[in-house]
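S.K.: In our numbering, the protein residues as written are 55 to 281. Note that beta-carbon positions come from the ideal geometry of N, C-alpha and C, so glycine has one too. The structure presented is a predicted model; accordingly, all values stated were derived computationally and were not measured.
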Ligand SMILES: NC(=O)c1ccc[n+]([C@@H]2O[C@H](COP(=O)([O-])OP(=O)(O)OC[C@H]3O[C@@H](n4cnc5c(N)ncnc54)[C@H](OP(=O)(O)O)[C@@H]3O)[C@@H](O)[C@H]2O)c1
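(1) Using the beta-carbon count (16 or more within 10 Å), is residue 182 buried or exposed?
(2) Run the proximity test for residue 256: is its beta-carbon closer than 6 Å to any non-hydrogen atom belonging to ligand 1?
(3) Around the Cβ of residue 89, are there at least 16 other Cβ atoms within 10 angstroms (buried) or fewer (exposed)?
(4) Less than 8 Å between C-beta atoms, sequence neighbours within five positions excluded: which residues of the same chain meet that for residue 200?
(5) Assuming contact is defined by CB atoms lying nearer than 7 Å, are residue 264 and residue 120 in contact in what I supplied?
(6) Ligand 1 heavy atoms versus the CB of residue 151: any closer than 6 Å?
(7) Counting only the same chain and skipping the five closest in sequence on each side, list residues whose C-beta sits under 8 Å from that of residue 143.
(8) Note down, in chain order, each residue of its chain lying with its Cβ closer than 7 Å to the Cβ of residue 95, except the 5 sequence neighbours on either side.
(9) May I ask you to report which of helix, strand or coil DSSP gives residue 239?
(10) Between the Cα of residue 244 and those of 205, 113, 106 and 100, spot the shortest distance and give me the residue it belongs to.
(11) Rounded to a whole number of angstroms, what is the C-alpha to C-alpha distance between residue 175 and residue 197?
(12) What are the complete alpha helix (DSSP H) segments, minimum 4 residues, inside the stretch 131-202?
(13) Nearer than 6 Å: is that true of the beta carbon of residue 159 relative to any heavy atom of ligand 1?
(14) Is the beta carbon of residue 3 sitting closer than 7 Å to the one on residue 128?
(15) Report yes if the C-beta distance between residue 65 and residue 78 is below 7 Å; otherwise report no.
(16) Compare the C-alpha of residue 86 against each of 59, 71, 110 and 116 and name the closest.
(17) By how many angstroms is the C-alpha of residue 214 removed from the C-alpha of residue 278?
(18) What does the alpha-carbon distance come out to for the pair residue 237 and residue 220?
(19) Is residue 132 close to ligand 1? I mean its beta-carbon at under 6 Å from any heavy atom of the ligand.
(20) Can the beta-carbon of residue 74 be found less than 7 Å from the beta-carbon of residue 114?
(21) Got a sec, what are the start and stop residues for the alpha helix (DSSP H) residue 234 sits in?
(22) In terms of residue numbering, what span does the beta strand (DSSP E) encompassing residue 217 cover?
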């Protein structure tokens, strides 16, 4: 399948590497290809710059946002929450029309230091903002409640006995994404919360997520719902 991933950070790289390994045709998107390739410093996590990562993953291509969006039969939003709407606007409505957009972004505001706060919550969410801005695109919010390592490898924790939330307005799109999470990444327990307004809930899990990270001193944990 042709996949267009908006973003070049660790999430985009992790998803892109996994999908390329599985034989999919993957393009990651950035604001300015030349500027991104000219970076020489590691990212905030100490990961190598994008150019070095691309050299190690020759099957993954880098294009600008419109190029990545046009390439994808299915799209992934892995941009920073504060840049998401700008990034998707640049990607172009026409390149996103009728397609599924898997939204992994969190509306985190680090401007006042740690822990970050949410730029939108309670009565709205980033997932809804995206859906409103792109009514012809099927926004499916998922994967945003786990660290990037777990997104593509849930089995590394408790044999995969933990939950992934999903929400979105289009039942068929949600079902397809759920099947992909299972077939591509190995998710066993996917919990459908309902329409895209439920992105409020999964984005509002981030304040507890970052505090658990601080207490547990590891990002490799997840939520399990027990009835
Ligand atoms: N890291 C995790 O484990 C994790 C887990 C769950 C969810 N998430 C969420 O996943 C998303 C990606 O996280 P990340 O850590 O991989 O990367 P990130 O540093 O949050 O975002 C990097 C990407 O955002 C783009 N971007 C930033 N500001 C922009 C703007 N104003 N306009 C357009 N694009 C802009 C960058 O574009 P350029 O390529 O042009 O620089 C880059 O591609 C975030 O929303 C994060 O909250 C992360």
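M.R.: The answer reads as follows:
(1) The residue in question, residue 182, is buried, as its Cβ has 16 or more Cβ neighbours within 10 Å.
(2) Every heavy atom of ligand 1 is 6 Å or more from the Cβ of residue 256, so no.
(3) Flag for residue 89 reads exposed.
(4) Answer for residue 200: 208, 218 and 276, listed in chain order.
(5) Not closer than 7 Å, so no.
(6) The answer is no for residue 151.
(7) Taken in chain order, the residues that qualify are 187.
(8) The answer, listed in chain order, is 103.
(9) The answer is helix: DSSP assigns residue 239 an H, G or I state.
(10) It is 205 whose Cα lies nearest to the Cα of residue 244.
(11) When rounded, the distance between both Cα atoms is 18 Å.
(12) Complete alpha helix (DSSP H) runs here, min 4: 138-145, 147-150 and 180-187.
(13) Yes; taking the cut-off as 6 Å, the Cβ of residue 159 has a heavy atom of ligand 1 nearer than that.
(14) Given a span of 55 to 281 for the chain in the structure shown, any question on residue 3 remains unanswerable.
(15) Cβ distance not < 7 Å, so residue 65 and residue 78 don't count as in contact.
(16) Checking every option, the nearest Cα to that of residue 86 belongs to 116.
(17) Distance between residue 278 and residue 214, taken at the CA atoms: about 10 Å.
(18) Near 16 Å, if we compare the C-alpha coordinates of residue 220 and residue 237.
(19) Indeed, a heavy atom of ligand 1 lies less than 6 Å from the Cβ.
(20) Yes, they are a contact pair.
(21) In the DSSP assignment, residue 234 falls within the alpha helix (DSSP H) that extends over 225-234.
(22) Per DSSP, residue 217 belongs to the beta strand (DSSP E) from 217-222.
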